[in-house]
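Novice: Following this message is one structure expressed as structure tokens.
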Amino acid sequence: MMIEKIANLIKEATGEEEVKVMIPEQNKFGHYSTNLAFVIAKYQEIPVVAVAKEIREKILRKAPKNFFERIDIAANGFLNFFLSKETLEEEINKILCLKNRYGYSDKGKGQVIIIDYSSPNVAKPLTIGHFRSTIIGQALVNLFKFQGYKVIGDNHLGDWGAQFGALLVAFKKWKNEKELKENLVGHLVSLYVRFHKEAENNEKLLDEAKEETKKLQEGNKENRKLWKLFITESLKEFNKTYKRLGIKFSLTLGESFYQPMLNQVVKEALEKKVAVYNEGAVKIFFQEKELIPPMVIQKSDDSFLYTTTDLAAIKYRVSRWHLNKILYVVANEQTLHFNQVFRAAEMLGYAPKNILVHIKFGMLLGEEGKKMSTRKGEFIKLEEVLNKAVEKAGQINKEAAEKVGIGAIKYYDLSHYRESDIVFDWDRMLDLKGNSGPYLQYTYSRLKSILKKALVLPFFQNSNNFFSRKIDISLASSEAEKNIIRQLIYFPDAVAYAAETYSPNHLADYLYKLANCINVFYEKESVLNAENKIKENRLSLVSASSQVLKTGLDLLGIKVVEKM
Ligand code: ARG
Numbered sequence: 000m001m002i003e004k005i006a007n008l009i010k011e012a013t014g015e016e017e018v019k020v021m022i023p024e025q026n027k028f029g030h031y032s033t034n035l036a037f038v039i040a041k042y043q044e045i046p047v048v049a050v051a052k053e054i055r056e057k058i059l060r061k062a063p064k065n066f067f068e069r070i071d072i073a074a075n076g077f078l079n080f081f082l083s084k085e086t087l088e089e090e091i092n093k094i095l096c097l098k099n100r101y102g103y104s105d106k107g108k109g110q111v112i113i114i115d116y117s118s119p120n121v122a123k124p125l126t127i128g129h130f131r132s133t134i135i136g137q138a139l140v141n142l143f144k145f146q147g148y149k150v151i152g153d154n155h156l157g158d159w160g161a162q163f164g165a166l167l168v169a170f171k172k173w174k175n176e177k178e179l180k181e182n183l184v185g186h187l188v189s190l191y192v193r194f195h196k197e198a199e200n201n202e203k204l205l206d207e208a209k210e211e212t213k214k215l216q217e218g219n220k221e222n223r224k225l226w227k228l229f230i231t232e233s234l235k236e237f238n239k240t241y242k243r244l245g246i247k248f249s250l251t252l253g254e255s256f257y258q259p260m261l262n263q264v265v266k267e268a269l270e271k272k273v274a275v276y277n278e279g280a281v282k283i284f285f286q287e288k289e290l291i292p293p294m295v296i297q298k299s300d301d302s303f304l305y306t307t308t309d310l311a312a313i314k315y316r317v318s319r320w321h322l323n324k325i326l327y328v329v330a331n332e333q334t335l336h337f338n339q340v341f342r343a344a345e346m347l348g349y350a351p352k353n354i355l356v357h358i359k360f361g362m363l364l365g366e367e368g369k370k371m372s373t374r375k376g377e378f379i380k381l382e383e384v385l386n387k388a389v390e391k392a393g394q395i396n397k398e399a400a401e402k403v404g405i406g407a408i409k410y411y412d413l414s415h416y417r418e419s420d421i422v423f424d425w426d427r428m429l430d431l432k433g434n435s436g437p438y439l440q441y442t443y444s445r446l447k448s449i450l451k452k453a454l455v456l457p458f459f460q461n462s463n464n465f466f467s468r469k470i471d472i473s474l475a476s477s478e479a480e481k482n483i484i485r486q487l488i489y490f491p492d493a494v495a496y497a498a499e500t501y502s503p504n505h506l507a508d509y510l511y512k513l514a515n516c517i518n519v520f521y522e523k524e525s526v527l528n529a530e531n532k533i534k535e536n537r538l539s540l541v542s543a544s545s546q547v548l549k550t551g552l553d554l555l556g557i558k559v560v561e562k563m
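For the sequence shown, numbering that gives the first Met the number 0 gives the first residue as 0, with consecutive numbering after it.
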């Protein structure tokens with residue numbers, strides 16, 4: 000990673016510990032810059048340019064020979080670093096030689112991260128409400144793996160709880176064999192809806208549901224068998240969608256997995272005096288200044304809650320793996336829940352608070368800016384949204400409609416700042432000229448078509464590995480080429496930054512900028528009609544660009560398209 004390399008170099012040269020290196024917006028400010036002189040001058044009250052000059056001397060003495068072309072000092076004391084031809088060449092050649100490993104770092108070597116994502120509730124369909132957790136979660140899995148971490152992706156299924164009592168009652172009373180055979184999960188959903196409708200006028204049903212939940216929890220054979228059936232069938236449905244979306248978990252330990260541990264959690268909490276009995280329930284109270292409302296971990300009827308399960312899951316995860324982080328990719332709405340759980344886990348001695356991170360995200364809103372739902376007020380099924388995306392993408396590219404449609408909707412999600420709400424906008428999502436998945440796929444296909452055409456040129460016929468031919472920076476003298484080169488070397492920085500900030504949108508931004516550089520180059524300069532030496536060099540640049548674009552899209556979970 001260039002940014003880190005330069006920061007380290009400055010640290011070593013100056014002995015300063017806090018060094019911030021940035022990527023300037025404009026080329027004229029170099030490839031990288033730092034405000035270090037400005038910071039030092041401020042606390043030492045020396046003229047900033049004098050400080051900058053001194054720092055520059057120290058850095059140049061320390062830097063490897065020919066690493067920088069030059070270091071400029073701006074009027075405000077910023078140091079602007081221009082990498083030398085040799086450094087740039089080495090970096091671009093790394094892309095050509097490492098291929099899809101370019102940008103990989105072993106920074107996370109030996110560290111373990113659990114990512115808890117997707118986590119839908121069983122016996123219901125996957126809805127648009129599950130989309131963001133699933134897509135952001137998978138992107139984070141990919142990004143952290145690429146940073147050398149051992150990543151455990153865990154689908155924390157909602158496969159336990161009161162909804163099963165209702166479902167069991169409805170199933171036993173009203174199940175329809177024919178519908179069951181045709182579409183079990185769909186039938187369960189309608190049974191569940193019917194239960195709640197009828198329960199409005201018939202409270203007895205609610206008692207029956209409680210009774211069935213209790214029987215299930217006590218291990219009643221028939222209820223257990225049905226419950227298992229509901230789960231396996233739901234998972235079959237989920238997996239179809241996961242496959243379409245390219246989602247792969249390492250584990251699916253649902254909430255039910257932790258049920259045998261819950262008694263112990265409550266017992267420990269009481270023993271350690273972290274929890275107390277209050278109005279018949281067991282609750283954890285936080286310090287007043289923390290402003291966190293108390294959290295119930297066992298109800299007065301002895302049943303456990305979502306919170307209890309999350310505490311047990313932390314205890315289990317920390318004891319099973321030597322963990323560095325657990326990331327929870329869950330909507331903004333659950334912020335309070337995680338504040339409570341994380342703090343309680345700390346009080347219980349299960350995990351230090353700083354290893355637990357809530358990766359929150361905003362809502363996906365319908366085109367009118369309201370929560371997306373059907374006319375009846377239910378969430379929209381995810382499969383239906385995906386089908387619609389694919390159908391619309393068919394107008395752009397018939398053969399690759401699935402890749403383009405799914406890529407469009409994923410990119411739309413990932414390119415937005417995670418914590419804000421997103422308004423669903425099909426036109427922007429599929430805009431071939433805007434910041435969209437199809438635009439990036441299109442850019443890639445353009446590069447690919449050049450490379451394909453080059454292969455049949457007599458010039459390249461007997462050199463089958465010209466893609467790995469080295470680049471000569473002095474031959475890449477046009478503005479457009481320089482811009483691509485500049486953008487390419489930022490790739491490892493962008494990947495690391497996206498992972499560190501848990502924000503895939505930084506990688507999306509990066510790829511969009513790269514695509515813009517590529518398209519300008521494509522419009523302005525010819526590749527195949529250029530003079531031989533230049534042509535060869537440009538083909539290497541095209542090859543490096545297509546590689547980086549592909550690696551980046553892979554990390555976001557977006558498939559490339561060869562022809563568009
Ligand atoms: N099943 C939950 C829901 O649909 C999400 C679970 C998130 N993960 C967790 N460990 N609490 O709201």
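Quick reminder that beta carbons are idealized off the backbone N, C-alpha and C, glycines included.
1) Is it the case that the segment 538-555 contacts the segment 510-524, given that we only count it when at least three CB pairs across the two stretches are under 8 angstroms?
2) What beta strand (DSSP E) runs, 3 residues minimum, are completely inside the segment 66-135?
3) Give the straight-line distance between the Cα atoms of residue 62 and residue 72, rounded to the nearest whole angstrom.
4) Identify every residue that forms a DSSP beta bridge with residue 591.
5) Beta-carbon within less than 7 angstroms of residue 517's beta-carbon, same chain only, minus the 5 sequence neighbours each way: which residues are those?
6) On the criterion of 16 or more Cβ atoms from any shown chain inside 10 Å, does residue 159 qualify as buried, or is it exposed?
7) How many whole angstroms separate the CB atoms of residue 406 and residue 558, which I take to be in contact at a CB cut-off of 8 angstroms?
8) Do residue 124 and the ligand ARG come close, with the Cβ less than 8 angstroms from some heavy atom?
9) For residue 139, which option in 309, 29, 0 and 502 has the closest C-alpha, if you only look at C-alpha atoms?
10) Can you tell me whether DSSP reads residue 562 as helix, strand or coil?
11) Near residue 489, which residues of its chain fall below 7 angstroms by C-beta distance, leaving aside the five closest residues on each side in sequence?
12) What number of angstroms, rounded off, separates the C-alpha of residue 245 from the C-alpha of residue 275?
13) Hey, how far is the Cα of residue 254 from the Cα of residue 473?
14) Using only the heavy atoms of the ligand ARG, determine whether one of them is closer than 8 angstroms to the beta carbon of residue 139.
15) Excluding the 5 residues preceding and the 5 following residue 573 in the sequence, name in chain order all residues of the same chain whose CB lies nearer than 8 angstroms to its CB.
16) Cutting at 8 angstroms between CB atoms, please list the residues of its own chain near residue 461, excluding the five before and the five after it.
17) Go through its chain and collect everything with a Cβ distance to residue 432's Cβ below 7 angstroms, but skip five positions before and after it.
18) To the nearest angstrom, how far is it from the Cα of residue 299 to the Cα of residue 265?
19) For a minimum of 4 consecutive residues, which ranges assigned as the alpha helix (DSSP H) are wholly contained in the segment 447-524?
20) I need the straight-line Cα distance from residue 450 to residue 40, nearest angstrom please.
21) Which value, in whole angstroms, describes the spacing of the CA atoms of residue 348 and residue 320?
22) How about residue 170 and residue 142: are their beta carbons less than 9 angstroms apart?
23) Please go through the same chain and pick out, in chain order, the residues whose beta-carbon is closer than 6 angstroms to the beta-carbon of residue 404, but skip the five residues on each side of it.
24) Just verifying my parser: in three-state terms, what is the DSSP assignment at residue 410?
25) The ligand ARG heavy atoms versus the CB of residue 120: any closer than 8 angstroms?
26) Using CA atoms only, rank isn't needed, just tell me which of 526, 2, 224 and 216 is closest to residue 262.
27) Out of curiosity, what's the CA-to-CA distance linking residue 47 and residue 18?
28) Distance, Cα to Cα, residue 102 vs residue 68?
29) On the DSSP bridge list, what partners appear for residue 32?
30) Check residue 62 in the structure and name its three-state DSSP category.
31) Using the Cα positions of residue 468 and residue 242, report the straight-line distance between them to the nearest angstrom.
32) Mind checking which residues open and close the beta strand (DSSP E) that includes residue 262?
33) Can you list, in chain order, the stretches of the alpha helix (DSSP H) that have 4 or more residues and sit fully within the segment 293-373?
34) Thinking just about the alpha-carbon of each residue, which of 304, 268, 560 and 556 is nearest to the one in residue 399?
35) Closest to residue 539 by CA distance: which of 79, 96, 100 and 155 is it?
Specialist: In terms of the structure at hand:
1) A contact exists between the segment 510-524 and the segment 538-555.
2) For the segment 66-135, the full-length beta strand (DSSP E) segments reaching 3 residues or more read 67-72, 78-82 and 111-115 along the chain.
3) Here the question's residue 62 lines up with position 63 in the sequence shown. Here the question's residue 72 lines up with position 73 in the sequence shown. Whole-angstrom Cα-Cα distance: 17 angstroms.
4) The chain is shown only over 0 to 563; residue 591 falls outside these bounds and no answer can be derived.
5) Stepping through the sequence shown from its first residue, residue 517 is reached at position 518. Apart from sequence neighbours up to five positions away, the residues of its chain that approach residue 517 with a beta-carbon distance below 7 angstroms are 442, 446, 483 and 544, ordered along the chain.
6) To locate residue 159, count along the sequence shown from 1; it is residue 160. So residue 159 ends up on the buried side.
7) Counting from 1 along the sequence shown, the entry for residue 406 is found at position 407. Counting from 1 along the sequence shown, the entry for residue 558 is found at position 559. Sure, about 6 angstroms apart at Cβ, within 8 angstroms.
8) Against the sequence shown, residue 124 aligns to sequence position 125. No, the beta carbon of residue 124 sits no closer than 8 angstroms to any heavy atom of the ligand ARG.
9) Taking the sequence shown and counting its residues from 1, the one referred to as residue 139 is at position 140. The shortest CA-to-CA distance from residue 139 to any of 309, 29, 0 and 502 is the one to 502.
10) The residue you call residue 562 lines up with position 563 of the sequence shown. Here residue 562 carries a coil assignment [DSSP, helix/strand/coil].
11) Numbered from 1 along the sequence shown, position 490 holds the residue referred to as residue 489. The residues are 22 and 509.
12) What you label residue 245 is simply residue 246 of the sequence shown in a count that begins at 1. What you label residue 275 is simply residue 276 of the sequence shown in a count that begins at 1. If you take the alpha carbons of residue 245 and residue 275, they lie about 45 angstroms apart.
13) Reading the sequence shown from its first residue, position 255 is the one you call residue 254. Reading the sequence shown from its first residue, position 474 is the one you call residue 473. Going by the C-alpha atoms only, they are around 60 angstroms apart.
14) Here the question's residue 139 lines up with position 140 in the sequence shown. Residue 139 Cβ: outside cutoff for every heavy atom of the ligand ARG.
15) No answer is possible for residue 573: the residues shown for the chain start at 0 and end at 563.
16) To locate residue 461, count along the sequence shown from 1; it is residue 462. Because the pLDDT at residue 461 is just 49, under 50, the model does not fix this residue reliably, and the point stays unresolved.
17) Looking up residue 432 in the sequence shown gives position 433. Answer for residue 432: 438, listed in chain order.
18) In the sequence shown, the residue the question calls residue 299 occupies position 300. In the sequence shown, the residue the question calls residue 265 occupies position 266. Approximately 13 angstroms, taken between the alpha carbons.
19) If we require 4 residues or more, the alpha helix (DSSP H) runs fully inside the segment 447-524 come out as 457-460, 478-488, 490-499 and 504-523.
20) The residue you call residue 450 lines up with position 451 of the sequence shown. The residue you call residue 40 lines up with position 41 of the sequence shown. Taking the straight line from one Cα to the other gives about 51 angstroms.
21) As a first step, residue 348 is located in the sequence shown; it is residue number 349 there, counting from the start. As a first step, residue 320 is located in the sequence shown; it is residue number 321 there, counting from the start. Between residue 348 and residue 320, the C-alpha separation is close to 16 angstroms.
22) The sequence position of residue 170 within the sequence shown is 171, counting from 1. The sequence position of residue 142 within the sequence shown is 143, counting from 1. Cβ distance not < 9 angstroms, so residue 170 and residue 142 don't count as in contact.
23) By 1-based counting over the sequence shown, the position of residue 404 is 405. A distance below 6 angstroms between beta-carbons, with the five flanking residues on each side excluded, links residue 404 to the following residues of its chain, in chain order: 388, 389 and 392.
24) Here the question's residue 410 lines up with position 411 in the sequence shown. Three-state result, residue 410: helix.
25) Taking the sequence shown and counting its residues from 1, one reaches residue 120 at position 121. Yes, Cβ of residue 120 sits closer than 8 angstroms to a heavy atom of the ligand ARG.
26) Taking the sequence shown and counting its residues from 1, one reaches residue 262 at position 263. Across the set 526, 2, 224 and 216, the C-alpha of 216 shows the shortest separation from the C-alpha of residue 262.
27) Counting from 1 along the sequence shown, the entry for residue 47 is found at position 48. Counting from 1 along the sequence shown, the entry for residue 18 is found at position 19. In a straight line, the C-alpha of residue 47 is about 16 angstroms away from that of residue 18.
28) Here the question's residue 102 lines up with position 103 in the sequence shown. Here the question's residue 68 lines up with position 69 in the sequence shown. Whole-angstrom Cα-Cα distance: 23 angstroms.
29) In the sequence shown, counting from the first residue as 1, residue 32 sits at position 33. The partner list for residue 32 (beta bridge, DSSP) reads 21 and 79.
30) As a working mapping, residue 62 is identified with position 63 in the sequence shown. Coil.
31) Looking up residue 468 in the sequence shown gives position 469. Looking up residue 242 in the sequence shown gives position 243. Computed Cα separation, rounded: 37 angstroms.
32) Taking the first residue of the sequence shown as 1, we reach residue 262 at position 263. Per DSSP, residue 262 lies in no beta strand (DSSP E); the unbroken alpha helix (DSSP H) holding it starts and ends at 261-270.
33) As far as the segment 293-373 is concerned, its whole alpha helix (DSSP H) runs of at least 4 residues are 305-319 and 334-346.
34) For this step, residue 399 is matched to residue 400 along the sequence shown. Here the closest residue by C-alpha is 560.
35) If you number the sequence shown from 1, residue 539 lands on position 540. With distances taken between CA atoms, residue 539 lies nearest to 96 out of 79, 96, 100 and 155.
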